[in-house]
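In full-length UniProt numbering, the protein residues as written are 1 to 297. Quick reminder that beta carbons are idealized off the backbone N, C-alpha and C, glycines included. Computed from a prediction, not measured in an experiment: that's the story for all the values here.
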C-alpha cells in the first residue's frame, strides 16, 4: 500500500541529546550557534540545529534530517510529529523544526494542524476530563480524575512534574526497596485499574495521562480527519510510548531502541518492521531515506 502519512516521534528519533551522541561522536558549537556532530569511527559530520528542552538542556536535529522531512512532504505525503514533549517545550521548538501538517504533543493530549490548535480534539479531551482550564492553572486546582491522581501521588511525597504540561504529568518511579517505592506500588495497582487514566513509560520517566489521550488515539483522530486508514500510515519510533501507535501503522521504522519492550516487538515483527543501522542523527536520516525509497517505488 502507498504511504500517505508519516507519524514520527521526536526525542530519540528525529532529535538527539548530547549525552547520547557523545558516546560515539564529538560535538562542536559553531560560530553561528549551530553544532557540528562528527562521528568518531566514520568521520562523517553533520551540521545540526539546537532545540530547547525544559529539563534536559538542548537537543540536536541535523539539517539533513530537516531537508528529508521537507522532501517527504513535497511528495504529497502528510507528516506528523508525535511527541511526549510538554506544551511549552514544543512551542519553543516550533520555529526551529521543519513545518509539518500536524503536531501531536503531550503523548496525544494536544494536537495542532498547521500550527493551529485542533479545537475538536481539545474539546474532546477537556470534556472527558470534566472541565476546561489553561496551562496557567495550578495542577492542584485542576479538576478531574487525572489531577485527582496528581493530588494523590503528591500526598505520598512523590516529586511530580506538571510544569508546562496541559494534559499530563510526569515523575521518576522511586526505588522499589524504599518506603516511597512500596507506597507507589500500592497506588500503581489502583491507577492501572482506573479507566480514566493511563500510565506510559517515556525517557526513563512515567507519564500519567487521560485514557482517551495517547499517541495512538491522536493518530486515529488525524486519520479520520484525512479519510485515511492505517494501511497508508508509517511510523518512525524509538520508545515504549510509541508501541501502541505502531499497531496502527502498516510501516514501522525503528530509529533507536530506548526501551526493552521495543526490542521484544522487533523480534516479534522482524519481517514487517525495519531497523536502521546507524546511530544518532545519521539514524534519523537513514530512516527518512527508507521512507523516501518506499515512496519512490
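Per DSSP, the beta bridge partners of residue 273 are 252. Along the region 137 to 183, the alpha helix (DSSP H) occurs as fully enclosed runs of 4 or more residues at 145 to 155, listed in sequence order. In this structure, residue 104 places its C-beta atom within 8 Å of the C-beta atom of residue 218. Annotation for residue 81: the continuous beta strand (DSSP E) segment containing it runs 78 to 82. With respect to the 8 Å criterion, residue 276 and residue 255 are classified as neighbours on the basis of their beta carbons. Ranking 169, 165, 143, 183 by CA distance to the CA of residue 157 puts 183 first. In its chain, beyond the 5 residues on either side, 9 have a beta carbon closer than 6 Å to the beta carbon of residue 242. Three or more beta-carbon pairs separated by less than 8 Å are not found between the region 43 to 62 and the region 110 to 123, which leaves the two stretches without contact. When 227, 207, 178, 109 are compared, the shortest CA-CA separation from residue 150 is found for 207. Nearest to residue 293 by C-alpha distance, out of 108, 72, 245, is 72.
Out of 86, 175, 212, the CA that lies nearest to the CA of residue 161 is found in 86. Assigned with DSSP and collapsed to three states, residue 219 falls in helix. By the Cβ-count criterion, residue 177 is exposed, with fewer than 16 other Cβ atoms from all chains shown falling within 10 Å of its own Cβ. Out of 168, 4, 17, 36, the CA that lies nearest to the CA of residue 53 is found in 17. Secondary structure note for residue 92: its alpha helix (DSSP H) is the uninterrupted segment 87 to 93. When secondary structure is reduced to three states using DSSP, residue 66 falls in the helix class. Residue burial annotation: residue 170 is buried, with at least 16 other C-beta atoms found within 10 angstroms of its C-beta. For residue 205, same chain residues with a beta-carbon under 6 Å away, outside a window of 5 residues either side, are 170, 172 in chain order. The residues 254, 257, 273, 275, in chain order, have a CB closer than 8 Å to that of residue 266 in the same chain once the five nearest residues on each side in sequence are set aside. In this structure, DSSP gives residue 113 an extended state, which the three-state scheme calls strand. Closest by C-alpha distance to residue 214, out of 95, 22, 106, is 106.
In the DSSP assignment, residue 18 falls within the unbroken alpha helix (DSSP H) covering 18 to 21. Shown here, residue 233 sits in a strand according to DSSP, grouped into three states. With respect to the C-alpha of residue 143, the residue from 210, 31, 297 having the closest C-alpha is 210.
A distance below 8 Å separates the beta carbons of residue 221 and residue 121. DSSP places residue 202 outside any alpha helix (DSSP H); the residue lies instead in the beta strand (DSSP E), whose first and last residues are 197 to 202. Per DSSP, the continuous alpha helix (DSSP H) segment holding residue 244 begins and ends at 243 to 246. Looking at 224, 194, 2, 83, the one whose alpha-carbon comes closest to that of residue 240 is 83. Proximity to residue 14 across 264, 290, 285 peaks at 285, based on C-alpha coordinates. By the 16-neighbour rule on beta-carbons within 10 angstroms, residue 55 is exposed.
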